[in-house]
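Please read the structure below before turning to the comments.
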Amino acid sequence: MIQQLFKKLEKEKLMLSSVESLTGGLFAASITSVPGASSIFSGGTVTYSLEAKRKFGVEAKTLEEFGAISKETAVEMAKNCLRNFSSQVAISFTGNAGPSSSEGKAVGLVFITIIIKTNTIEKTYNYRLNLDGDRAMIREQCVNFGIKTIMEKLNLLFPEEEK
Numbered sequence: 000m001i002q003q004l005f006k007k008l009e010k011e012k013l014m015l016s017s018v019e020s021l022t023g024g025l026f027a028a029s030i031t032s033v034p035g036a037s038s039i040f041s042g043g044t045v046t047y048s049l050e051a052k053r054k055f056g057v058e059a060k061t062l063e064e065f066g067a068i069s070k071e072t073a074v075e076m077a078k079n080c081l082r083n084f085s086s087q088v089a090i091s092f093t094g095n096a097g098p099s100s101s102e103g104k105a106v107g108l109v110f111i112t113i114i115i116k117t118n119t120i121e122k123t124y125n126y127r128l129n130l131d132g133d134r135a136m137i138r139e140q141c142v143n144f145g146i147k148t149i150m151e152k153l154n155l156l157f158p159e160e161e162k
């Protein structure tokens with residue numbers, strides 16, 4: 000799936016970036032494990048703590064009102080990612096990988112935002128997932144969901160031409 004995503008991003012001349020909390024850089028590591036990643040990946044960052052999220056541009060008010068594990072935080076993370084890395088596709092991950100609840104939110108609760116922004120398109124996709132498994136499984140499911148979903152959205156927005 001990563002190879003397909005690479006080809007699609009290259010074909011459409013789009014750069015991808017990521018900002019991760021619960022996945023701790025696993026998404027960026029997956030993307031950069033493929034040779035030539037610099038042609039489609041402009042960068043990624045891990046904003047694990049509240050302070051890191053604030054420094055990355057998430058409003059203190061958002062964190063206080065909705066918490067780090069929220070759609071609102073995921074949206075702000077993705078918007079800042081798009082801007083900070085000058086990319087056209089950004090993904091953010093925030094949630095609770097466990098083993099215990101955080102902010103009163105259940106293990107496996109995850110918010111993912113994908114933003115695709117070009118000169119002609121601006122789309123924001125928000126996802127709330129309730130995942131099962133241990134920390135490693137939850138993190139892996141997030142990354143797989145992100146890769147698969149970015150690919151699906153790019154195929155919808157940039158359909159292959161009929162031959």
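Position 71 of the sequence shown, counted from 1, bears residue number 70 in numbering that gives the first Met the number 0, the numbering being contiguous throughout.
The C-beta atom is built at its ideal place from N, Cα and C for all residues, glycine as well.
- Taking a 10 Å sphere around the C-beta of S37, we find fewer than 16 other C-beta atoms and assign the residue as exposed.
- By the CB criterion at 8 Å, F5 and G42 fall outside the cutoff.
- Boundaries for K116: no alpha helix (DSSP H) harbours it, while the beta strand (DSSP E) harbouring it runs 108-116, taken from the DSSP string.
- By the Cβ-count criterion, A59 is exposed, with fewer than 16 other Cβ atoms from all chains shown falling within 10 Å of its own Cβ.
- A straight line joining the alpha-carbon of L108 with that of N118 spans about 33 Å.
- K12 has its alpha-carbon roughly 33 Å from the corresponding atom of A135.
- Counting the other CB atoms within 10 Å of its CB gives K78 a total of 16 or more, which places it among the buried residues.
- If the five residues before and after K122 are omitted, its C-beta is found closer than 6 Å to the C-beta atoms of I115, all from its own chain and listed in chain order.
- Within the same chain, I115, I120, K122 come within 8 Å of L156 by CB-CB distance, once the 5 residues on both sides are set aside.
- The way I'd put it, the stretch 143-155 does touch the stretch 88-108; three or more beta-carbon pairs between them come closer than 8 Å.
- In the structure shown, T44 adopts extended strand secondary structure according to DSSP, grouped into three states.
- DSSP places L8 in the helix class (H, G or I) of the three-state scheme.
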